[in-house]
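Encoded as structure tokens, the structure appears first; notes follow it.
Numbering (our numbering), first residue to last: -1 to 85.
Shown next, in the form of structure tokens:
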């Protein structure tokens, strides 16, 4: 497990020392996990919204295989790209 240091004011430290029964390391670990989960959730929510916007712009008749075929033919020609065996 990694070790990190946290700076708090002298007043906060005095108040923490009055509550000796509290495991402050665990409090900090939980707070960090809450922030991580919230941020990761926001990131996922943004990705879902972006995906929905892109999907709506694509229209109902959008075919991903057709688009891939189009770009492959455009890049490599009608025959497509084929691996050549080593001679």
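We put the beta carbon where it would ideally sit given N, CA and C, even for glycine. Since the model is a prediction, treat every value here as computed from it, not as a measurement.
Annotation: the continuous alpha helix (DSSP H) that includes residue 49 extends over 22 to 56.
Counting along the chain, the unbroken alpha helix (DSSP H) around residue 8 starts and ends at 8 to 16. In the three-state DSSP reduction, residue 62 falls in the helix class (H, G or I). Excluding residues up to 5 positions away in sequence, 4 lie with their Cβ nearer than 7 Å to the Cβ of residue 26 in the same chain.
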